[in-house]
Amino acid sequence: MIFISLAKLRRKPTKDGIAEVDKLAGKMSKYGIKVIGSYWTLGRYDSVLILEAPDEKVAMKGALLYGDIVSSETLVAIPRNEAVKLLD
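FYI, the numbering for the sequence shown is 1204 to 1291, going by our numbering.
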């Protein structure tokens, strides 16, 4: 499954803070979560993560790792071609 996580930092970013985030990303891989893309953004959210996880529960477990660092909103993403098939 693909998930898009929109995140807002709880504190000012620092190099040490980014190192902490990178460590947590390593922990996520232990749960079977793969980071497909990671972007810093302008606007309402500070970053966007595109993740692949076996299911919603595993994705939630990964999101909980970051609770002290960011507030986030995570969306389930369905590829366009699969979504279009649902119209029939």
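All C-beta atoms, glycine included, are put in the ideal place defined by N, C-alpha and C.
One Cα belongs to residue 1217, the other to residue 1280, and the distance between them is close to 30 angstroms. Under DSSP, residue 1274 takes part in a beta bridge, and its partners are 1211. In summary, residue 1287 is exposed, with fewer than 16 beta-carbon neighbours lying within 10 Å of its beta-carbon over all protein chains present. Counting only residues of its own chain and dropping the five nearest sequence neighbours on each side, residue 1240 has a CB closer than 6 angstroms to the CB of 1253.
Bridge partners of residue 1280 according to DSSP: 1205. The beta carbon of residue 1214 sits closer than 8 angstroms to those of 1220 and 1272, all from its chain and outside the five residues before and after it, given in chain order.
Closest option to residue 1248, judged by alpha-carbon separation, among 1277, 1204, 1282 and 1226: 1277.
Using a Cβ distance threshold of 8 angstroms, residue 1244 and residue 1238 do not count as a contacting pair.
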